[in-house]
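Peer 1: For reference, the structure I am asking about is given below.
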Amino acid sequence: MSSKRRIRKVLVANRGEIAVRVLRTCREMGLATVAVYSEADRGALHVRKADEAVYLGPSPARESYLVVDRIVAAARKTGADAVHPGYGFLSERAELARALEAEGITFVGPRPDSMDAMGEKTTARRNMQAAGVPTVPGSPAAIAGEDEARAFCQVIGYPVMIKAAAGGGGKGMRRCDRAEDLPALWQSARREAASAFGDDRLYVEKFLDRPRHVEIQVFCDEHGNGVSLGERECSVQRRQQKVIEESPSCVVDEAMREAMGAVAVRAARAVGYVGAGTVEFLVDASRSFYFLEMNTRLQVEHPVTEMITGLDLVRMQLEVAQGERILAQDQVVRRGHAIEARVYAEDPARKFMPSPGKITYLRVPGGPGIRDDSGVYTGWVVPPYYDPMISKVVAWAPTRDQAIARLIRALEEYTVHGITTNIPYLAAALDHPAFRAGDYDTGFCARYEQDLVRPPDPRLEQVALIAAAVAAFKRDHDEAAAFAVRGDVGPARGSAWARLGRASALKGRLR
Amino acid sequence: MSTYVALLDGGRREETVEVTQQAPGLYEVRIGGRVHVVDAFKHDYGTLSLLVDAQSYTAMLDDRGAKVHVRVKSSVFPLEILDEKKLRMRRAPARFTAEGRQTITSPMPGRIVKVLVKAGDPVREGQGLVVVEAMKMENEMKSPKDGRVVELLVQEGQTVEGNARLCAVE
Numbered sequence: 001m002s003s004k005r006r007i008r009k010v011l012v013a014n015r016g017e018i019a020v021r022v023l024r025t026c027r028e029m030g031l032a033t034v035a036v037y038s039e040a041d042r043g044a045l046h047v048r049k050a051d052e053a054v055y056l057g058p059s060p061a062r063e064s065y066l067v068v069d070r071i072v073a074a075a076r077k078t079g080a081d082a083v084h085p086g087y088g089f090l091s092e093r094a095e096l097a098r099a100l101e102a103e104g105i106t107f108v109g110p111r112p113d114s115m116d117a118m119g120e121k122t123t124a125r126r127n128m129q130a131a132g133v134p135t136v137p138g139s140p141a142a143i144a145g146e147d148e149a150r151a152f153c154q155v156i157g158y159p160v161m162i163k164a165a166a167g168g169g170g171k172g173m174r175r176c177d178r179a180e181d182l183p184a185l186w187q188s189a190r191r192e193a194a195s196a197f198g199d200d201r202l203y204v205e206k207f208l209d210r211p212r213h214v215e216i217q218v219f220c221d222e223h224g225n226g227v228s229l230g231e232r233e234c235s236v237q238r239r240q241q242k243v244i245e246e247s248p249s250c251v252v253d254e255a256m257r258e259a260m261g262a263v264a265v266r267a268a269r270a271v272g273y274v275g276a277g278t279v280e281f282l283v284d285a286s287r288s289f290y291f292l293e294m295n296t297r298l299q300v301e302h303p304v305t306e307m308i309t310g311l312d313l314v315r316m317q318l319e320v321a322q323g324e325r326i327l328a329q330d331q332v333v334r335r336g337h338a339i340e341a342r343v344y345a346e347d348p349a350r351k352f353m354p355s356p357g358k359i360t361y362l363r364v365p366g367g368p369g370i371r372d373d374s375g376v377y378t379g380w381v382v383p384p385y386y387d388p389m390i391s392k393v394v395a396w397a398p399t400r401d402q403a404i405a406r407l408i409r410a411l412e413e414y415t416v417h418g419i420t421t422n423i424p425y426l427a428a429a430l431d432h433p434a435f436r437a438g439d440y441d442t443g444f445c446a447r448y449e450q451d452l453v454r455p456p457d458p459r460l461e462q463v464a465l466i467a468a469a470v471a472a473f474k475r476d477h478d479e480a481a482a483f484a485v486r487g488d489v490g491p492a493r494g495s496a497w498a499r500l501g502r503a504s505a506l507k508g509r510l511r
Numbered sequence: 512m513s514t515y516v517a518l519l520d521g522g523r524r525e526e527t528v529e530v531t532q533q534a535p536g537l538y539e540v541r542i543g544g545r546v547h548v549v550d551a552f553k554h555d556y557g558t559l560s561l562l563v564d565a566q567s568y569t570a571m572l573d574d575r576g577a578k579v580h581v582r583v584k585s586s587v588f589p590l591e592i593l594d595e596k597k598l599r600m601r602r603a604p605a606r607f608t609a610e611g612r613q614t615i616t617s618p619m620p621g622r623i624v625k626v627l628v629k630a631g632d633p634v635r636e637g638q639g640l641v642v643v644e645a646m647k648m649e650n651e652m653k654s655p656k657d658g659r660v661v662e663l664l665v666q667e668g669q670t671v672e673g674n675a676r677l678c679a680v681e
């Protein structure tokens, strides 16, 4: 079944920053590209970055980005020979991979049967147990209803984690501490799972105490080769969603990295995996690790691994999809430290309430070691229908301390007007003593909530007042001209450019 | 000289700021008892470079209707800046309180996934009324006061615009 066919035209079945990210590599590889878009996304950046664009349907994802038939029809219509699914949406639906296979179109991802084996979280757990991979105690299959869930939780004991069987990305996931909270959390998780994945089945796992989330990036080709590209730690999470990711992890040393890498590659091999995949683990206080789930797609946080290894994971995905071989384990070189911060259109002071709306102004950071993967621009209206993440900023530096300082510096430069973002929250998290010390777990955001949603620095209030008052004065006195061409007074005095500017302004006036 | 009043902390605190222009781009700014010499240079949209007594700052002004969010480094100050005339107008009407009828509106466009109360139900302050889903996340709208649901304007499954009226509590 391995097609050695060269890929010439790639349809990217996604939106936002990840669609832009994939399209960029396609452009670098000289591949033709097709974007797809919903009603709300006609003006989205990814539509502009592609050679062709196909309208999918109305704005809600279940009527556009989640409709397999429409994606396949768009690929057929444009003559695309490959479909890259990005992350989220249909990326972990074997149904799409099968439908494409039937059309002779390459799916950039694993084979459908590997996705079946891993995509359904409870099946994945059984497969991993059979392959000798350690797993967190939990229900062996999806739980039919609330009553059955209550009985099962009584057996394993609280706290428990309610999870969506078809889940990922923190959607449809709830931590439940007491039996009396179960009904409300169960119903709410079910609704969220149904809306995010079109599948409302749930299961339950024991909640480990102060666990850290550490994942291994693996890559496999169809010739039986598999490598580990090392770990990413993603323990800074709010509402079960990752916010900050870094590599290396502060709890992983070389021996542990090798052990986890070997287990992860074994897990991938056990299901005949091909392409990019991530094996997620929980690491407890004694540094034992347990299989959590395997994500059979590119991860949001893949740039962290790209910065550390210098590799382009999207290019590797496309090469593997063409039947090429991957690099050998001893060719994987890890260097320095990388940290990613996810910029969300949301207000941390209002319980992370999403803040869709028009971006009236955007200026992104630059300078040494900074990468900004964004899907937005000045004037873009962030639609309310999709995930509120608008960008990822990644910093690379030789050491962890330097990477933290660099990312905070970049976040200070990052300017988004018109909507509220979590940028100050991200800077506060990076600057927190517990994060700086590397002493954090998945409870970090909840435990230090007071420190992270911090009031503005009172020392800077005078400056803010001066700025607001001077801006108001300026507006009231309409002295735009005086700002553009300054007179003989002020610090610009003596500058030849200032004199020249004034002279030509005067000349213009006399004419 | 122009006098402005800045409302801080959601209107709970006021600061008076006096601005006098000394030369183009050069100001004397008086806040409380302190006087600053300020050199201001306007960059691109909303960005103001300030040299305050020789310290260099970048202030980013994000206009949000009547309010402005001023960001300096990683600190954001939401404030409202009023001239004397606007301040007098502002002081005329009574202040907002949770007295009387309170209308609960949707903070953003989204979908009603759950209605937790019926018209006529007694409710307590902080009790959930309606769950709105936007961007795949659920947000529970809570009652601002003890009282009774006097009006319910939405149904489960309905799509709503930002600021749409959801229900009223009295």
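Taken in sequence, the protein lines are chains X and R. For the first sequence, our numbering begins at 1 and goes up steadily by one. For the second sequence, our numbering begins at 512 and goes up steadily by one. Just so you know, even glycine gets a beta-carbon here, dropped at the ideal spot from N, CA and C.
Using only alpha-carbon positions, find the residue among Val12(X), Glu146(X) and Ser59(X) that is nearest to Arg201(X).
Peer 2: The option with the nearest alpha carbon to Arg201(X) is Glu146(X).
Peer 1: For Glu120(X), count the other beta carbons within 10 Å of its own beta carbon; 16 or more makes it buried, fewer makes it exposed. Which is it?
Peer 2: Buried: at least 16 other Cβ atoms inside 10 Å.
Peer 1: Enumerated in chain order, which unbroken segments of the alpha helix (DSSP H) with a length of 4 residues or greater are wholly contained in the region 405-439 of chain X?
Peer 2: 423-431 and 433-436, all fully within the region 405-439 of chain X.
Peer 1: Return the bridge partner residues of Gly557(R) from the DSSP annotation.
Peer 2: Gly557(R) pairs with nothing; no bridge assigned.
Peer 1: Below 8 Å on the Cβ atoms is my guess for Pro424(X) versus Val382(X); work out the distance and round it to an integer in Å.
Peer 2: With a Cβ gap of about 18 Å, Pro424(X) and Val382(X) do not count as contacting.
Peer 1: Contact defined as beta carbons within less than 8 Å: I believe Val34(X) pairs with Glu52(X). What is the distance between those atoms, to the nearest angstrom?
Peer 2: Confirmed, about 5 Å.
Peer 1: Rank Asp312(X), Thr415(X), Ala471(X) and Ala142(X) by C-alpha distance to the C-alpha of Phe552(R) and give the top, closest one.
Peer 2: Considering only alpha carbons, the answer is Ala471(X).
Peer 1: Under 8 Å between C-beta atoms, does Ile466(X) make it to chain R?
Peer 2: At least one chain R Cβ lies under 8 Å of Ile466(X).
Peer 1: Give a yes or no on whether the C-beta atoms belonging to Arg150(X) and Leu100(X) are separated by under 8 Å.
Peer 2: No, they are not a contact pair.
Peer 1: Is the CB of Arg191(X) under 8 Å away from at least one CB in chain R?
Peer 2: Yes, Arg191(X) lies at the interface with chain R (some Cβ there is under 8 Å from its Cβ).
Peer 1: Cβ of Pro618(R) less than 8 Å from any chain X Cβ?
Peer 2: With 8 Å as the cut-off, Pro618(R) counts as an interface residue toward chain X.
Peer 1: Please confirm if Glu146(X) has its CB atom under 8 Å from at least one CB of chain R.
Peer 2: No, no contact with chain R.
Peer 1: On the premise that Ile419(X) lies in contact with Ala345(X), defined as a C-beta separation below 8 Å, what is that separation, rounded to the nearest angstrom?
Peer 2: Indeed they touch by this definition, with Cβ atoms about 5 Å apart.
Peer 1: By DSSP's criteria, Phe219(X) is part of a beta bridge. Which residues make up the other side?
Peer 2: Note: Phe219(X) sits in a beta bridge opposite Val227(X) and Ala276(X).
Peer 1: Counting only C-beta atoms, is Ser586(R) closer than 8 Å to chain X at any point?
Peer 2: For Ser586(R), the answer is yes, since a Cβ of chain X falls inside 8 Å of its Cβ.
Peer 1: Thinking just about the alpha-carbon of each residue, which of Asp69(X), Gly138(X), Glu17(X) and Met118(X) is nearest to the one in Gly86(X)?
Peer 2: Minimum Cα distance to Gly86(X) is reached at Glu17(X).
Peer 1: For the region 79-132 of chain X, which segments carrying the beta strand (DSSP E) assignment without a break, of at least 3 residues, lie completely within its bounds, in sequence order?
Peer 2: The qualifying runs are 82-84.
Peer 1: Which residue wins for smallest C-alpha separation from Val236(X), given the options Glu461(X), Gly443(X) and Ala505(X)?
Peer 2: When each option's Cα is compared against that of Val236(X), the closest is Gly443(X).
Peer 1: Please list, in chain order, the chain R residues whose beta carbon lies closer than 7 Å to that of Gln462(X).
Peer 2: Those are Ile542, listed as they occur along chain R.
Peer 1: What separation, rounded to the nearest whole angstrom, lies between the Cα atoms of Ile244(X) and Asp431(X)?
Peer 2: Taking the straight line from one Cα to the other gives about 12 Å.
Peer 1: Keeping to the same chain, check which residues put their C-beta closer than 7 Å to that of Arg400(X); ignore five residues upstream and five downstream.
Peer 2: These residues qualify, in order along the chain: His337.
Peer 1: Of all the CB atoms in chain R, is at least one closer than 8 Å to the CB of Arg15(X)?
Peer 2: So no, Arg15(X) is outside the interface.
Peer 1: Determine the chain X residues that contact Glu649(R) at a beta-carbon separation under 7 Å, and present them in chain order.
Peer 2: Neighbours of Glu649(R) on chain X, chain order: Ser188 and Glu192.
Peer 1: Locate the alpha helix (DSSP H) running through Pro183(X), then write down its first and last residues.
Peer 2: Counting along the chain, the alpha helix (DSSP H) containing Pro183(X) begins and ends at Leu182 to Phe197.
Peer 1: I'd like to know whether the C-beta of Glu644(R) is nearer than 8 Å to at least one C-beta of chain X.
Peer 2: Taking Cβ atoms only, chain X reaches closer than 8 Å to Glu644(R), which makes this a yes.
Peer 1: Give, in chain order, every residue of the region 150-182 of chain X whose Cβ lies closer than 7 Å to some Cβ of chain R.
Peer 2: So the close ones are Lys171.
Peer 1: Using a 10 Å radius around the Cβ and a threshold of 16 neighbouring Cβ atoms, would you call Glu324(X) buried or exposed?
Peer 2: Looking at its Cβ environment, which holds fewer than 16 other Cβ atoms inside 10 Å, Glu324(X) is exposed.
Peer 1: Please state whether the Cβ-Cβ distance between Asp439(X) and Thr25(X) is less than 8 Å.
Peer 2: It is not a contact, given that the beta carbons lie outside the stated cut-off.
Peer 1: State yes or no: is the C-beta of Arg659(R) within less than 8 Å of the C-beta of Asp632(R)?
Peer 2: In this structure, Asp632(R) lies closer than 8 Å to Arg659(R) by Cβ.
Peer 1: Do Val583(R) and Val463(X) come within 8 Å of each other at the CB atom, strictly closer than that value?
Peer 2: The answer is yes: Cβ separation under 8 Å.
Peer 1: Report yes or no: do the region 288-298 of chain X and the region 266-277 of chain X share at least 3 C-beta pairs separated by less than 8 Å?
Peer 2: The region 288-298 of chain X is in contact with the region 266-277 of chain X.
Peer 1: Mind checking which residues open and close the alpha helix (DSSP H) that includes Lys596(R)?
Peer 2: Start and end: Glu595 to Arg602.
Peer 1: Does any residue of chain R bring its CB to less than 8 Å from the CB of Ala446(X)?
Peer 2: It does not: the Cβ of Ala446(X) has no partner Cβ on chain R nearer than 8 Å.
Peer 1: Under a CB-based cut-off of 8 Å, is Gly637(R) close to chain X?
Peer 2: No, Gly637(R) lies away from the interface with chain X (no Cβ there is under 8 Å from its Cβ).
Peer 1: Check Cys250(X) in the structure and name its three-state DSSP category.
Peer 2: Three-state DSSP puts Cys250(X) in coil, outside helix and strand.
Peer 1: Determine the direct distance from the alpha carbon of Tyr538(R) to that of Gln532(R), and round the result to whole angstroms.
Peer 2: Computed Cα separation, rounded: 4 Å.
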